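Heads up: the structure comes next, in C-alpha cells.
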Amino acid sequence: MKNIEIKYFLSSPRSIKLKLKEHPEISFQHQAYQKDVYFRIPDYRLKIRIEENQQPHIIKYLRPDKDEPRISDYQIVKIDNLSKTLREFQQKFGILGQVEKWRELYIFRNVRIHLDNVTQLGWFLEFESVIIGQYDETAAQKNLQMMIDYFAPFVNGTCAKSYIDLILESNKY
C-alpha cells in the first residue's frame, strides 16, 4: 500500500482541534493510546503497534526523511500472538526503541489526520493521504494539499523524521 504523508510540529493542539471541528468534511474517528516497538532493521522501518481495543499488528514501511510531502510504501499484518511475535522479533532483530503516544484520528476523504501527543516529544499533526481506489496519486495529492493549506496558519514547521528517530536523538544529550 502507499500513501503521501507529511508531519508538522505543534506548540499547542487547541487551534488545530477547533479547525478540525469547523471543517464540514472532517470527521472524528477515535482517540487511543498507542505503543510502537521499533526493531533494528537497516533498510526500512519495522514496528509492532500495540493499541488499546485493537488487535496488535506489524507495520513495515519505507519512506524518505524529507520536509515535504513524501510517498510511503507500507504493509500492515495483524498479529495473533503478541508476546511470541515480540520475543521472536527481539531475538532476530533487536529492539531499537519505543514510541508512546495518544492519537486522535480524523478522516477527510482519503486523508487520515493524526493529532498526536508523543511522550518525550510533544504535539504533532500528521496527514496520510492514502492512494487507493478512486484516489489515485493525483487525487491523493490534491486532497493532501487541501489539508496542508487549511491548517498552514496553525503549524510550526514540518518534521522530516519519524518519532523514533526524534526520541533516539533526544536521548543522546
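Basically this note's numbering = 1-based index in the sequence shown + 77. Glycine included, C-beta positions come from ideal geometry on N, C-alpha and C. Just so you know, these numbers come straight off a predicted model, no measurement behind them.
Next item on the list: Taking 8 Å as the cut-off, decide whether the C-beta atoms of residue 187 and residue 220 are in contact.
Entry: Mapped onto the sequence shown, residue 187 falls at position 110. Mapped onto the sequence shown, residue 220 falls at position 143. Closer than 8 Å, so yes.
Next item on the list: Along the beta strand (DSSP E) that carries residue 194, what are the first and last residues, could you check?
Entry: As a first step, residue 194 is located in the sequence shown; it is residue number 117 there, counting from the start. Where residue 194 is concerned, the enclosing beta strand (DSSP E) stretches over 188 to 195.
Notebook entry, point to check: Taking C-beta to C-beta, are residue 215 and residue 145 nearer than 8 Å?
Noted result: Start at 1 with the first residue of the sequence shown, and residue 215 comes out as number 138. Start at 1 with the first residue of the sequence shown, and residue 145 comes out as number 68. Contact flag unset, no.
Check: Counting Cβ pairs closer than 8 Å, one from the segment 189 to 199 and one from the segment 92 to 111, do we hit at least three?
Finding: yes
Item checked: For residue 95, the three-state DSSP class (helix, strand or coil) -> Mapped onto the sequence shown, residue 95 falls at position 18. Helix.
Notebook entry, point to check: For residue 163, which of 89, 207 and 114 has the nearest alpha-carbon?
Noted result: Translated into positions along the sequence shown, residue 163 becomes position 86. Among 89, 207 and 114, the Cα nearest to that of residue 163 is on 114.
Check: Count the other CB atoms within 10 Å of the CB of residue 247; is the residue buried (16 or more) or exposed (fewer)?
Finding: Looking up residue 247 in the sequence shown gives position 170. Its Cβ having fewer than 16 others within 10 Å, residue 247 is exposed.
Margin query: Using only the alpha-carbon positions, how far apart do residue 142 and residue 102 sit?
Written below: Taking the sequence shown and counting its residues from 1, one reaches residue 142 at position 65. Taking the sequence shown and counting its residues from 1, one reaches residue 102 at position 25. Cα-Cα distance, rounded: 29 Å.
Checklist line | Rounded C-alpha distance that separates residue 98 from residue 156 | finding: In the sequence shown, residue 98 corresponds to position 21, counting from 1. In the sequence shown, residue 156 corresponds to position 79, counting from 1. Distance between the alpha carbons of residue 98 and residue 156: 34 Å.
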